[in-house]
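This report concerns only the one structure given below.
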Amino acid sequence: MTYSIKSRSWTVVFYVSVICLYLIPAAIILGPALLHPETVFVGTNQDSGQFMWYLGWFWHALVHGQNPFTTTTVNYPYQFNLMLNTSILTEAVVFGPLVYVANSVFAFNVVVLASLLLSGLFGYSFLHALGARRWLAVLGGLLLEMSPFTVNQLVDGHINFSMSSAIILAILSVTARFLQRQRRPVATGCLIGVLCVAQFYTSLEMFATFTLMVLIAVVFYMLFSVKTPIRRTLTRIRVQAAVTALTVTFVLAAPGAWLFLAGLHGHSTPFMPRDVWVTDIVNLLLPTTAQWLHTGLSARAVLRFTGDLSEMGGYIGAPLVIGILWILFTCYRQKWVWVLFIIGSAATVLSFGPHLHIFGHITKIRMPWVVVERLPLLQDATAGRIMFYADVSFVTLLVVGLERTMRTSRGRLPKGIATYFLLIAAACAWMPTTKFWHQHVLPSSNVFRQNNFQAVIDHQPVAILVNGYWSFGYVMQALADSGYPFPVTNVYGFPYTSWMANGKLEKEFSNDFLFESDFSRYANDPYDDSLAVSNLRKYIAQRHPAHILWLQGYSTPLPPSLAYALTQVCGRPMTIDGSYLWHVPSLSSR
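Residue numbers (this note's numbering): 1308 to 1897.
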């Protein structure tokens, strides 16, 4: 009994220490958000505001008897299919109530913290299940928590990808532990299926790429185990778990899959542009400004890469490369080493995209992604995001390889010290910068209620004028904190695609005037007053707003031609706390 109490006490102390260790990178990333939870959130981009809207929408829709998968609350009067956007339904189900207990910024920061901690803990569990001793697994989990893919995605507040990292590591952990003991196959299959569904409703893109990498892993495993009879590899108990997992995944993901496929309208071009958000081969050894190890020289060099900082998650670093080469040299006779290395290398090569990029220069060298992007569901995937699976494969190869090396070596103490310092060096190379990007936003909780907009608008549709496409993300946060007080004609999603230029999305995003009321073109082009009036009338005829709103503090001043058109068509605006509200005569008089 005494031994049992001491054992449990040691276990508690161990896990508390691990959590404290894993809180370090989380605290670095959240930074000022921990000190100013009302006004700061992770991400330099307005993507964060979009995710805040989604976090609160699921429960708001259920409470008010609405469909949480589709809505006209945005993109009014057209139905907006949320499965076509980053709707993070899993996070909304679990963390959405925090929007109503506190506010959307707090809920968002909790999701960031939870995704990082869970990535580390499930990473530890996965590596420990593969045989790594506790301290090796702890350091490996720390590396997986600080994966450059995850850290760089959080630069723009992409909590769908940070949480995807945690869920995928959870799937790997449960699977690894089941293959060790092979107990309760049906229960384990149900758990894996539920986790797969959670991944599906977090990021359909990551679900598709994870499925692809699992297939690649199975193929290479079978190739390296060709002498092993299949019936020994796939025993009855494993088949039970696999069939159960597939059944649960299919049944629970079917509604979302149907909505996604029904909303595609037979498109043949990807949402995102090709050859932009890919891994530059130089990025493998060159850190970005999201990593602590970067220098001024590397920061300037990274600016030459295509895409933006959040998609530059291809960094591996010299310490990890050295460790991988060491393991390949010392354990070259073991097949699992080469399986992991090939999986990681395959993910790396796929992340290069359709053509090889060298220092931002797009070469004519075609890469395997040109074949993969033709597969169902993967045509909308971004190649650079495949790099997460390379991070997992290489960290697993390093940690498990170091464990095997330490077990077989005679001088365990020197080998242990060398292993420890190698992992610490890899962790330092991946450590997030202490000046992690943050976005300061207005304290917008209940902004529409506080400024009496809701009483004036009275649940009628509104077109909110913003100076740029991304600026609507700020407004989405305010709408969520104010309880989604009225429908808006604005919509937030995929402005880069050629669909917009070719008019192929008119059924979903019909807006020939300004995409989501973006007036940036008026600020940059010499539009005359008559053209502005014509465009405004056309917009009103298509989108049917009852009011047009310009929010003080959420946008730049209106261009003169647009201000003239609004006065000519709608008359003089109401002024509410410095903001302007125009009534559209054709609708407000009804």
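Note that the Cβ used here is the ideal one computed from N, Cα and C, for glycine as well.
Output the boundary residues of the alpha helix (DSSP H) element that contains residue i.
| i | result |
| --- | --- |
| H1367 | 1354-1370 |
| L1446 | 1441-1452 |
| T1380 | Run containing T1380: none; DSSP gives neither H nor E here. |
| T1509 | Per DSSP, T1509 belongs to no alpha helix (DSSP H) and is neither H nor E. |
| I1693 | That residue, I1693, is in no alpha helix (DSSP H); it is neither H nor E in DSSP. |
| R1850 | 1836-1850 |
| I1669 | That residue, I1669, is in no alpha helix (DSSP H); its beta strand (DSSP E) goes 1668-1673. |
| L1476 | 1466-1488 |
| M1954 | Missing from the structure shown is residue 1954; the chain here goes from 1308 to 1897 and no further. |
| V1644 | 1642-1657 |
| L1632 | 1625-1637 |
| I1764 | 1760-1764 |
| Q1460 | 1455-1462 |
Tell me whether the beta-carbon of residue i lies closer than 8 Å to the beta-carbon of residue j.
| i | j | result |
| --- | --- | --- |
| V1782 | V1773 | yes |
| L1705 | I1649 | no |
| L1591 | Y1622 | yes |
| L1709 | L1443 | yes |
| H1854 | Q1761 | no |
| L1304 | F1415 | Look at the range of the chain in this structure, 1308 to 1897, and you will see that residue 1304 is not part of it. |
| G1780 | D1354 | yes |
| L1449 | L1328 | yes |
| L1437 | A1477 | no |
| L1405 | I1336 | no |
| D1582 | H1662 | yes |
| F1666 | V1589 | yes |
Relative to the C-alpha of residue i, which candidate in the options has its C-alpha closest?
| i | options | result |
| --- | --- | --- |
| G1356 | N1410, R1315, F1456 | N1410 |
| M1520 | L1530, G1624, G1651 | G1651 |
| A1473 | L1786, A1399, M1453 | M1453 |
| F1793 | M1359, I1336, D1354, T1380 | T1380 |
| M1619 | T1655, L1647, L1632 | T1655 |
| L1511 | T1741, L1856, V1370, I1475 | I1475 |
| T1796 | A1733, F1387, A1872 | F1387 |
| F1527 | K1642, V1707, V1417 | K1642 |
| A1548 | Q1506, Q1489, P1580, F1365 | Q1489 |
| V1840 | T1874, S1862, H1851 | T1874 |
| P1867 | I1883, D1836, A1848, P1880 | D1836 |
| D1698 | P1375, T1637, L1843, A1733 | A1733 |
| W1599 | P1739, V1319, G1790 | P1739 |
| L1888 | W1857, L1627, Y1871 | W1857 |
| L1522 | R1484, V1679, W1737, N1382 | V1679 |
| F1728 | G1447, F1402, T1393, L1425 | G1447 |
| F1321 | L1786, A1690, F1507, L1428 | L1428 |
| Y1799 | I1883, M1359, V1325, P1339 | M1359 |
| T1712 | F1636, L1559, F1755 | F1636 |
Determine the burial state of residue i: buried for a count of at least 16 other Cβ atoms within 10 Å of its Cβ, exposed for fewer.
| i | result |
| --- | --- |
| S1824 | Because the pLDDT at S1824 is just 42, under 50, the model does not fix this residue reliably, and the value given afterwards should be weighed accordingly. S1824 comes out buried. |
| P1864 | exposed |
| S1316 | exposed |
| Y1803 | Residue placement at Y1803 cannot be trusted, given a pLDDT of 32 that sits under 50; what the coordinates show is reported in the next sentence. Result: exposed. |
| C1877 | buried |
| M1694 | buried |
| A1569 | exposed |
| T1586 | buried |
| P1455 | buried |
| H1371 | exposed |
| A1439 | buried |
| A1808 | In this prediction, A1808 scores a pLDDT of 34, lower than 50, which makes its location untrustworthy; the coordinate-derived value is nonetheless stated afterwards. Exposed, since its Cβ has fewer than 16 Cβ neighbours within 10 Å. |
| F1816 | In this predicted model, F1816 has a pLDDT of only 38, less than 50, meaning its place in the structure is not dependable; the value taken from the coordinates is given anyway. F1816 comes out buried. |
| V1525 | exposed |
| V1692 | The sequence shown places Arg at residue 1692, rather than the Val named in the question. Buried: at least 16 other Cβ atoms inside 10 Å. |
| F1820 | Confidence in F1820 is poor, its pLDDT being 36 and thus under 50, which makes the residue's placement unreliable; the coordinate value appears in the next sentence. By the neighbour-count rule (16 or more Cβ atoms within 10 Å), F1820 is buried. |
| A1494 | exposed |
| P1892 | exposed |
| S1314 | exposed |
| M1390 | buried |
What first and last residue would you give for the beta strand (DSSP E) that runs through residue i?
| i | result |
| --- | --- |
| V1769 | 1769-1772 |
| I1665 | 1662-1665 |
| S1886 | 1886-1890 |
| L1856 | 1854-1857 |
| H1435 | First-last for H1435: 1411-1436, but that is the alpha helix (DSSP H), not the beta strand (DSSP E). |
| T1397 | Here T1397 belongs to no beta strand (DSSP E); instead the alpha helix (DSSP H) covers 1396-1402. |
Just list the residues that DSSP pairs residue i with in beta bridges.
| i | result |
| --- | --- |
| M1881 | L1888 |
| F1612 | Answer is none; F1612 lacks a bridge partner. |
| N1388 | T1377 |
| V1795 | V1769 |
| P1739 | Q1598 |
Under 7 Å: does the beta carbon of residue i sit that close to some heavy atom of the ligand PLP?
| i | result |
| --- | --- |
| L1684 | No copy of the ligand PLP appears in this structure; indeed no ligand is present at all. |
Under 8 Å between C-beta atoms, does residue i make it to chain D?
| i | result |
| --- | --- |
| H1465 | Absence of chain D from the displayed structure is noted, only one protein chain being present. |
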